[in-house]
Each structure stands twice: as C-alpha cells, then as structure tokens.
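Student: In our numbering, the protein residues as written are 3 to 161.
Glycine included, each C-beta is placed from N, C-alpha and C at the ideal position.
Remember, predicted model here, so these are calculated numbers, not experimental data.
Right, I'll just put the structure down here and ask away after.
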C-alpha cells in the first residue's frame with residue numbers, strides 16, 4: 003500500500019485554491035493499488051487533501067496532535083469538516099499531548115513524515131511561522147530522504 007502524507011498551510015488564498023486542488027488531485031490520482039492518506043485534518047490544506055484522497059478511494063489515517071485539538075478550529079465550518087472527515091477515517095492516531103502546542107503539532111507532522119512514502123506539501127516555500135509549521139516538516143521529511151511534492155503557485159503570497 004502506498005502511503006502519502008500531507009503538510010500544509012491552514013490558510014490558502016482564494017486565488018491559489020484551484021492550483022492547489024489541481025496539484026493535490028495530480029499527486030493522489032493515478033496510483034495503482036491501494037492508497038493510504040495521512041492527515042491531521044487541520045483547516046486548509048490538510049482537509050482538502052483528505053477529502054480528495056477519499057474521493058480517490060484512499061484509506062484515511064488521521065493523526066490528531068492533542069486531546070483538545072477540536073478547540074483549535076477557528077470556526078464551526080472547519081470543525082464540522084474535521085468531524086466529517088474524521089468519521090470517514092480508517093485509522094486514528096492520537097499523539098500523547100493533552101493540549102495543542104507547537105510540540106504537539108511538530109510531533110504529528112513528524113509522525114506523518116516518518117510514516118509516509120511521499121509527503122505532499124501545500125507550501126509557499128517560506129520558513130515555518132512556528133515550531134511544527136509546514137517549512138519545518140518539509141525540512142524534516144527531506145532530511146529523512148522522503149520525496150516531497152510541493153504544491154504552490156509560483157509568486158503567490160499567503161496572508
């Protein structure tokens with residue numbers, strides 16, 4: 003079974019969304035045999051990746067950073083999408099952190115990087131804004147020798 007993980011920004015500018023969706027479809031589509039998708043289901047890239055992976059028939063493994071993770075969602079729409087996707091997961095991995103901290107996010111991101119055959123990064127190429135951010139997880143995966151597919155429109159800036 004091929005295992006593809008995701009790391010990415012929680013906010014994707016509207017002008018980038020079509021490019022990101024097309025890139026995710028390209029990264030997830032056309033794989034012979036079974037596929038497992040690993041995601042923390044955060045707003046933005048993680049949820050979009052998981053939804054597309056499920057469309058392609060992948061098994062979804064959800065990596066939950068902390069016990070209070072649901073409290074971190076900014077709005078009810080993101081939380082509802084998280085719950086909907088989580089309910090469709092084949093497997094759930096709960097990291098041992100009671101609270102959502104940078105350490106918890108880093109642990110979830112590194113778990114995904116270690117567990118996948120390829121990492122898909124919805125990433126603007128800039129350094130992470132905090133410990134456990136996208137840039138740091140990309141660097142970690144690359145240090146492990148994992149192939150990383152970066153999806154982001156050239157020249158586009160994130161908020």
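Who are residue 39's beta bridge partners in DSSP?
Tutor: 6, 62
Student: Would the region 109 to 122 and the region 61 to 78 be scored as touching if the rule is three or more Cβ pairs under 8 Å?
Tutor: yes
Student: Do residue 79 and residue 56 have their C-beta atoms within less than 7 Å of each other?
Tutor: The answer is no: Cβ separation not under 7 Å.
Student: Check whether the region 118 to 127 and the region 91 to 107 are in contact - that is, three or more C-beta pairs closer than 8 Å.
Tutor: no
Student: Is it the case that the region 132 to 149 contacts the region 26 to 37, given that we only count it when at least three CB pairs across the two stretches are under 8 Å?
Tutor: no
Student: What does DSSP give as the partner residue(s) for residue 68 in the beta ladder?
Tutor: Beta-bridge pairing links residue 68 to 99.
Student: Based on Cα-Cα distance, which residue from 7, 75, 28, 25 lies nearest to residue 61?
Tutor: 7
Student: Tell me, to the nearest whole angstrom, how far the beta carbon of residue 63 is from that of residue 26; I am working on the premise that it is less than 8 Å.
Tutor: 17 Å between Cβ atoms; not a contact.
Student: In angstroms, rounded to a whole number, what distance separates the CA positions of residue 75 and residue 107?
Tutor: 14 Å
Student: Using the C-alpha atoms, what's the distance from residue 145 back to residue 9?
Tutor: 15 Å
Student: Alpha carbon to alpha carbon, how far is residue 153 from residue 29? Give it in angstroms, no decimals.
Tutor: 9 Å
Student: Return the first residue and the last residue of the beta strand (DSSP E) that residue 121 is part of.
Tutor: 120 to 124
Student: Strictly by DSSP, which residues pair up with residue 153?
Tutor: 124
Student: Tell me which residues share the same chain as residue 119 and place their Cβ nearer than 6 Å to its Cβ, disregarding the 5 neighbours each side in the sequence.
Tutor: 4, 5
Student: Can you round the beta-carbon distance between residue 43 and residue 81 to whole angstroms, since I take them to be within the 8 Å contact cut?
Tutor: Between residue 81 and residue 43 the Cβ distance is about 10 Å, and since that is not below 8 Å, they are no contact.
Student: Take residue 48 as the anchor and find which of 14, 138, 18 has the nearest alpha-carbon.
Tutor: 14
Student: What does the alpha-carbon distance come out to for the pair residue 21 and residue 155?
Tutor: 6 Å
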